[in-house]
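Okay, structure first, notes after.
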Amino acid sequence: MTLPETMRAVVTMGHGDMDQLVYHTDWPRPDPGPGEVLVRVGACGLNNTDVNTRTGWYSKAVTGATSGGGHDRLNEDDPSWGGAPIRFPRIQGADLCGTIVAVGAGVDPGRVGERVISDNWLRDPLDPLNKDKTGYFGSECDGGFAEYATLPARNALAVNSPLSDAELATFSCSYSTAEGMLTRAAVTAADTVLVPGASGGVGGALVQLARRRGARVVALASEAKHADVARLGADLVLPRAPADLRAVLAGERITVVADVVGGPLWPRLIDILERGGRYTCSGAIAGPMVELDLRTLYLRDLTFTGSTVIDPEVMPSIVRYIEAGEIRPALAASYRLEDLRAAQTAFIAKAHTGNIVVLP
Ligand SMILES: NC(=O)c1ccc[n+]([C@@H]2O[C@H](COP(=O)([O-])OP(=O)(O)OC[C@H]3O[C@@H](n4cnc5c(N)ncnc54)[C@H](OP(=O)(O)O)[C@@H]3O)[C@@H](O)[C@H]2O)c1
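The structure is reproduced here in structure tokens:
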């Protein structure tokens with residue numbers, strides 16, 4: 319197959335506003351290096367990490383909610399998830415679904431033609447369990463907001479599914495993050511899990527994956543999204559930020575809070591945990607600065623876990639669940655690649671349930 323020398327891509331030129339996302343029609347197509355595959359991108363999902371990295375929200379200098387800007391005051395040395403500078407220009411986009419069209423040295427040529435989705439955690443092949451030696455697809459290397467992308471062959475996971483590319487591009491980041499949280503909190507059928515932000519990418523995945531484990535799920539979401547969240551399988555759907563959370567729980571005994579929201583609601587989330595309860599966190603979209611009464615933590619025997627770099631077996635498990643039909647995509651909208659700015663504007667507005675993708 320003859321491949322073009324150039325491709326269409328949306329390139330992030332630096333930290334800043336949406337104008338940093340620049341659409342090109344003649345960006346150099348990458349070549350797969352040793353151990354890599356070249357994928358023709360069928361669809362690529364949007365995530366907050368695209369927004370957070372562009373705005374520099376991860377910087378310790380920024381203390382407000384996600385999407386609240388911040389690039390005017392970020393520290394230059396810590397604006398990425400891993401606390402290191404990002405090299406620009408950068409093609410963002412982590413949740414790739416596509417077809418392998420070429421392989422680099424050392425990769426089985428029989429993989430050409432395989433339909434794949436991305437395992438976004440780039441690991442040191444010689445030290446794969448070392449979480450300090452990791453990068454994220456679309457952050458520390460170029461990602462999927464383009465016609466073609468390269469990634470290590472072991473990060474391109476074959477998937478056999480009747481779902482569309484757009485649907486398959488909703489899984490990688492959100493569902494692996496959610497499964498990582500549930501694993502870290504050791505969620506079982508004995509638990510009742512409270513999920514704030516249940517209408518979001520990770521939140522919706524938490525609902526489905528906690529139910530998959532047999533747990534009972536209580537979801538928090540904006541009223542307009544309650545029917546969608548109920549369809550994901552939540553046993554009970556409550557308002558997004560109840561003033562008296564204990565009262566609306568009406569006796570539900572919450573053993574696990576799986577949180578990506580944080581912000582002003584946070585003390586109430588901790589307050590309602592049962593004795594011995596577990597709080598697990600992968601995000602803070604409503605704000606990272608929260609107030610903890612340490613007496614609640616120790617007098618109630620609580621356990622807190624953070625979760626970002628997931629274990630290597632998590633994403634292959636997600637592929638198995640997709641293939642078995644145990645989890646479903648929540649595709650809210652598809653945009654053309656060249657309309658990434660409009661797609662990200664909708665993503666930030668949060669009127670949707672689930673995930674948004676772009677199609678090159
Ligand atoms: N650590 C990791 O590896 C990792 C991976 C993925 C995501 N994350 C982080 O997790 C967070 C959520 O990600 P996501 O992909 O699930 O996000 P999302 O799809 O944007 O959904 C977030 C949900 O949070 C709810 N929400 C409540 N308060 C909010 C507020 N003040 N601002 C915006 N939304 C609010 C919204 O639902 P309602 O309108 O229904 O309230 C929204 O649907 C982000 O901070 C993201 O960076 C971390």
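The sequence shown begins at 319 in this note's numbering and counts up one residue at a time. Beta carbons are placed, not taken as given, at the ideal position from N, Cα and C, and that holds for glycine.
Q) Taking 6 Å as the line, does the beta carbon of residue 453 fall inside it for any heavy atom of ligand 1? A) no
Q: Mind listing which residues have their beta carbon within less than 6 Å of any non-hydrogen atom of ligand 1? Chain order is fine.
A: 365, 366, 367, 370, 383, 384, 491, 492, 495, 515, 517, 518, 519, 520, 521, 539, 540, 543, 558, 578, 579, 581, 600, 601, 602, 603, 604, 626 and 668
Q) Based on the DSSP output, what are the partners of residue 643 in its beta bridges? A) DSSP output for residue 643 lists no bridge partner at all.
Q: Kindly say whether residue 601, judged by its beta-carbon, lies nearer than 7 Å to any beta-carbon of chain B.
A: Protein chain content of the structure displayed is limited to a single chain, and chain B is not contained in it.
Q. How is residue 434 classed by DSSP in three states: helix, strand or coil?
A. strand
**Q.** Assigned exposure category for residue 441 - 16 Cβ within 10 Å defines buried
**A.** buried
Q: Spell out the partners DSSP gives residue 342 in its beta bridges.
A: 327
Q: Name the one or two DSSP bridge partners that residue 455 has.
A: 459
Q.
Quick check on DSSP: helix, strand or coil for residue 376?
A. coil
Q | the segment 613-624 contacting the segment 642-658, beta-carbon criterion three pairs below 8 Å | A | no
Q) Cβ atoms of residue 422 and residue 354: under 7 Å apart, would you say? A) yes
Q | Whether residue 492 touches residue 516 by CB criterion (7 Å) | A | no
Q) Of all the options 574, 612, 484 and 613, which has the alpha carbon lying nearest to the alpha carbon of residue 508? A) 574
Q: Report the rounded CA-to-CA distance for residue 528 versus residue 511, giving the unit in angstroms.
A: 7 Å
(Q) Is the separation between the beta-carbon of residue 476 and that of residue 327 shorter than 7 Å? (A) no
Q) Cα-Cα, which of 669, 495, 377 and 417 is closest to residue 650? A) 669
Q. Are there 16 or more other CB atoms within 10 angstroms of the CB of residue 478, so buried, or fewer, so exposed?
A. exposed
Q) From what residue to what residue does the beta strand (DSSP E) around residue 482 run? A) That residue, residue 482, is in no beta strand (DSSP E); it is neither H nor E in DSSP.
Q: Measure how close the beta-carbons of residue 395 and residue 403 come, nearest whole angstrom, since I'm counting them as under 8 Å.
A: 6 Å
Q. Mind checking residue 583: buried by the 16 CB within 10 Å criterion, or exposed?
A. buried
Q) If residue 398 sits next to residue 381, beta carbons under 8 Å apart, how far is it from one beta carbon to the other, in whole angstroms? A) Between residue 381 and residue 398 the Cβ distance is about 17 Å, and since that is not below 8 Å, they are no contact.
Q. Beta-carbon separation of residue 379 and residue 393 under 7 Å?
A. yes
Q) Would a C-beta distance cut-off of 7 Å place residue 513 and residue 537 closer than the cut-off? A) yes
Q. Is the distance from the Cβ of residue 364 to the Cβ of residue 466 below 7 Å?
A. no
Q. Expressed to the nearest angstrom, what Euclidean distance is found between the alpha-carbon atoms of residue 579 and residue 424?
A. 43 Å
Q: Would you tell me roughly how many angstroms separate the C-alpha atoms of residue 638 and residue 581, rounded to the nearest one?
A: 34 Å
Q: Rounded to whole angstroms, what's the CA-CA distance from residue 655 to residue 483? Just pull it up for me.
A: 14 Å
Q. Which residues in the same chain as residue 439 place their Cβ atom closer than 6 Å to its Cβ, once the five residues preceding and following it in sequence are excluded?
A. 452
Q) To the nearest whole angstrom, what separates the beta carbons of residue 675 and residue 652, a pair I think is in contact under 8 Å? A) 5 Å
Q.
Output needed for residue 344: all residues of its chain with C-beta closer than 7 Å, excluding positions within five of it in sequence on either side, in chain order.
A. 324
Q: Flag this pair as yes or no: are the beta carbons of residue 358 and residue 419 separated by less than 7 Å?
A: yes
**Q.** alpha helix (DSSP H) runs wholly inside the segment 476-542, at least 4 long, in chain order
**A.** 483-486, 490-502 and 519-530
Q) Of all the options 563, 470 and 437, which has the alpha carbon lying nearest to the alpha carbon of residue 487? A) 437
Q) So what does DSSP say about residue 610, is it helix, strand or coil? A) coil
**Q.** Selection from 657, 624, 567 and 677 that minimises the alpha carbon distance to residue 337
**A.** 657
Q. Which two residues bound the contiguous beta strand (DSSP E) that contains residue 381?
A. Here residue 381 belongs to no beta strand (DSSP E), and DSSP marks it neither H nor E.
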